[in-house]
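**Q** In the working numbering, the protein residues as written are 5 to 326. Questions regarding the structure given below will be posed in turn.
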């Protein structure tokens, strides 16, 4: 039986990290330079969709530099003492990773300016006429920040980062490489067709591919011959990376007049709340070209129509999977 620790294993070096070669190359050079000059790596900002390896890269950077890393979600910094406590807990050359930094309150993100540039924290203590400015010296550290919403970060904060990398969804080739790497580590054999099915449902997101492979491994561990498409459906993906909700949305547009409907109509027709529809469902469908937005509302594209026809053929061929 496979060691449970191996299942949780993230890549620990840049060499092990799959994909994003240009980013890896830039980081490798930056780490070598900082090591040679005996100074911390310049601050790093990663942005992109969830599940593409932002946290993994932060941990890899710390590993490559041989330093400690402190991981803090921005939502955990709710008060000034929280921020001071996090910064004071660091030592020279440590890495501080703040996830979803766009969630950090503006007043605290502004306090990071001096911390990132001069390794000091400027505080105003007291109220009104009794207030006084205090400067707190901080260790020389590297801030690595991640966000799924770069537009919510102030330009002033963004400019404090020496490296800014957009980590996009992965190509099919990169996902295949990831699947091969994990399959080998986990001692799991997949056919070319099974690999292709996993890739088509991963949405270009490594986290999705790993989640699917974990479920496949579960069934192979108990020597189950369950078809991989059924296992993938348990992970929430019905057809080519689309969920039942995605397909419900597309089908509603197909049945609408002129293949077009407004947001309010879609909400009523699908029983989805508007926020979920706009923030969770639509982005991927628009990105894939299945849906287009216009002043008239949402319209099912030709590509979306072809997808639904393809799904209907799939349902007829796999009546127990759909």
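Ideal placement from N, C-alpha and C gives every residue a C-beta, glycine not left out.
DSSP beta-bridge partners for residue 301?
**A** Locating residue 301 in the chain shown gives position 297, where the first residue counts as 1. Paired residues: 298.
**Q** Report yes if the C-beta distance between residue 138 and residue 99 is below 9 Å; otherwise report no.
**A** Indexing the chain shown from 1 puts residue 138 at position 134. Indexing the chain shown from 1 puts residue 99 at position 95. No, the Cβ-Cβ distance between residue 138 and residue 99 is not below 9 Å.
**Q** Is it a yes or a no for the segment 230 to 243 touching the segment 287 to 304, going by three-plus beta-carbon pairs under 8 Å?
**A** no
**Q** So what does DSSP say about residue 48, is it helix, strand or coil?
**A** Here residue 48 refers to the residue found at position 44 of the chain shown. Here residue 48 sits in strand by DSSP.
**Q** From residue 50 to residue 321, what distance separates their C-alpha atoms?
**A** Numbered from its first residue, the chain shown carries residue 50 at position 46. Numbered from its first residue, the chain shown carries residue 321 at position 317. Straight-line Cα distance between these residues: approximately 42 Å.
**Q** DSSP three-state label for residue 6, please.
**A** In the chain shown, the residue the question calls residue 6 occupies position 2. Here the model assigns residue 6 a pLDDT of 48, short of 50, so the residue's position is not dependable, and the following value carries that caveat. Residue 6 falls in the coil class under three-state DSSP.
**Q** Could you tell me whether the Cβ atoms of residue 2 and residue 246 are closer together than 9 Å?
**A** Residue numbering for the chain in the displayed model covers 5 to 326; residue 2 lies beyond these limits and cannot be assessed.
**Q** What does a CB cutoff of less than 6 Å around residue 6 pick up in its chain, not counting 5 residues either side in sequence?
**A** For this step, residue 6 is matched to residue 2 along the chain shown. Low confidence applies to residue 6: its pLDDT is 48, below 50, so where it sits in the model is not reliable, and the reading given next is rough at best. So the qualifying residues of the chain are 190.
**Q** Please tell me whether, using a cut-off of 8 Å, the distance from the CB of residue 84 to the nearest non-hydrogen atom of the ligand HEM is below it.
**A** The ligand HEM is not among the ligands present in this structure, which contains no ligands whatsoever.
**Q** Taking 9 Å as the threshold (C-beta atoms), are residue 165 and residue 147 in contact?
**A** The sequence position of residue 147 within the chain shown is 143, counting from 1. The sequence position of residue 165 within the chain shown is 161, counting from 1. Yes, Cβ-Cβ distance for residue 147 and residue 165 is below 9 Å.
**Q** Which value, in whole angstroms, describes the spacing of the CA atoms of residue 69 and residue 35?
**A** Walking along the chain shown from the start, residue 69 turns up at place 65. Walking along the chain shown from the start, residue 35 turns up at place 31. Separation of residue 69 and residue 35 (C-alpha to C-alpha, rounded to the nearest whole angstrom) is 7 Å.
**Q** Taking only three categories from DSSP, how would you classify residue 174?
**A** Here residue 174 refers to the residue found at position 170 when the chain shown is read from its first residue. Correct three-state label for residue 174: coil.
**Q** Tell me the DSSP bridge mates of residue 33?
**A** As a working note, residue 33 is residue 29 in the chain shown. None; residue 33 has no bridge partner.
**Q** My output table needs one value for residue 18: the three-state DSSP class, helix, strand or coil.
**A** Indexing the chain shown from 1 puts residue 18 at position 14. If DSSP states are grouped into helix, strand and coil, residue 18 belongs with coil.
**Q** Measuring straight from C-alpha to C-alpha, what distance separates residue 193 and residue 44?
**A** What you label residue 193 is simply residue 189 of the chain shown in a count that begins at 1. What you label residue 44 is simply residue 40 of the chain shown in a count that begins at 1. Residue 193 and residue 44: Cα-Cα distance of roughly 42 Å.
**Q** What residue does the beta strand (DSSP E) around residue 206 start on, and which one ends it?
**A** For the purposes of this step, residue 206 is taken as residue 202 along the chain shown, with counting starting at 1. Where residue 206 is concerned, there is no enclosing beta strand (DSSP E), given that its DSSP letter is neither H nor E.
**Q** Measuring straight from C-alpha to C-alpha, what distance separates residue 182 and residue 210?
**A** Your numbering for residue 182 matches position 178 in the chain shown. Your numbering for residue 210 matches position 206 in the chain shown. Roughly 7 Å separates the two Cα atoms.
**Q** From what residue to what residue does the alpha helix (DSSP H) around residue 317 run?
**A** Counted from its first residue, the chain shown places residue 317 at position 313. 306 to 321 is the extent of the alpha helix (DSSP H) around residue 317.
**Q** Closest to residue 264 by CA distance: which of 315, 308, 195, 92 is it?
**A** Walking along the chain shown from the start, residue 264 turns up at place 260. Of the candidates 315, 308, 195, 92, the one whose C-alpha sits nearest the C-alpha of residue 264 is 308.
**Q** Grouping DSSP H, G and I as helix and E and B as strand, with all else coil, what is residue 74?
**A** Along the chain shown, one-based indexing puts residue 74 at 70. Looking at residue 74 - three-state DSSP - the assignment turns out to be strand.
**Q** Tell me whether residue 164 sits in a helix, a strand or coil according to DSSP, three-state version.
**A** In the chain shown, counting from the first residue as 1, residue 164 sits at position 160. Correct three-state label for residue 164: coil.
**Q** Of all the beta strand (DSSP E) runs that stay within the bounds of the segment 79 to 106, which reach a length of 3 or more residues?
**A** 99 to 103
**Q** In the DSSP assignment, find the unbroken beta strand (DSSP E) run with residue 126 in it and report its ends.
**A** The sequence position of residue 126 within the chain shown is 122, counting from 1. First-last of the beta strand (DSSP E) with residue 126: 124 to 129.
**Q** I'd like to know if the segment 201 to 218 and the segment 83 to 101 are in contact, where contact means that at least 3 CB-CB pairs between them fall below 8 Å.
**A** no
**Q** Please state whether DSSP places residue 139 in a helix, a strand or coil.
**A** Counted from its first residue, the chain shown places residue 139 at position 135. Residue state, collapsed to three classes: strand.
**Q** Less than 7 Å between C-beta atoms, sequence neighbours within five positions excluded: which residues of the same chain meet that for residue 14?
**A** As a working note, residue 14 is residue 10 in the chain shown. Result list for residue 14: 60, 63, in chain order.
**Q** Please name the residue, chosen from 278, 107, 289, 110, that lies closest to residue 248 on a Cα-to-Cα basis.
**A** Counting from 1 along the chain shown, the entry for residue 248 is found at position 244. Nearest C-alpha to residue 248: 289.
**Q** Leaving out the 5 sequence neighbours to the left and right, which residues in its chain are closer than 7 Å to residue 286 when beta-carbon positions are compared?
**A** Stepping through the chain shown from its first residue, residue 286 is reached at position 282. Counting only residues of its own chain and dropping the five nearest sequence neighbours on each side, residue 286 has a CB closer than 7 Å to the CB of 295.
**Q** Hey, would you say residue 141 sits closer than 9 Å to residue 129, going by beta carbons?
**A** Position 137 of the chain shown, counting from 1, holds the residue named residue 141. Position 125 of the chain shown, counting from 1, holds the residue named residue 129. Taking 9 Å as the Cβ cut-off, residue 141 and residue 129 do not qualify as a contacting pair.
**Q** Determine which residues share a DSSP beta bridge with residue 150 and list them.
**A** Along the chain shown, one-based indexing puts residue 150 at 146. DSSP output for residue 150 lists 50 as bridge partner(s).
**Q** State the start and end residues of the unbroken alpha helix (DSSP H) segment that holds residue 250.
**A** In the chain shown, residue 250 corresponds to position 246, counting from 1. Counting along the chain, the alpha helix (DSSP H) containing residue 250 begins and ends at 248 to 258.
**Q** Check residue 243 in the structure and name its three-state DSSP category.
**A** For the purposes of this step, residue 243 is taken as residue 239 along the chain shown, with counting starting at 1. Secondary structure at residue 243: strand, using DSSP grouped into helix, strand and coil.
**Q** Using the Cβ count rule (16 or more neighbours within 10 Å means buried), how would you classify residue 314?
**A** Within the chain shown, the letter at position 310 stands for residue 314. It is exposed - the Cβ of residue 314 has fewer than 16 other Cβ atoms within 10 Å.
**Q** Suppose you measure from the CA of residue 33 to the CA of residue 67; what does that come to, to the nearest Å?
**A** Working through the chain shown from its first residue, we reach residue 33 at position 29. Working through the chain shown from its first residue, we reach residue 67 at position 63. Approximately 15 Å between the Cα atoms of the pair.
**Q** With DSSP as the reference, label residue 195 as helix, strand or coil.
**A** In the chain shown, counting from the first residue as 1, residue 195 sits at position 191. Residue 195 falls in the coil class under three-state DSSP.
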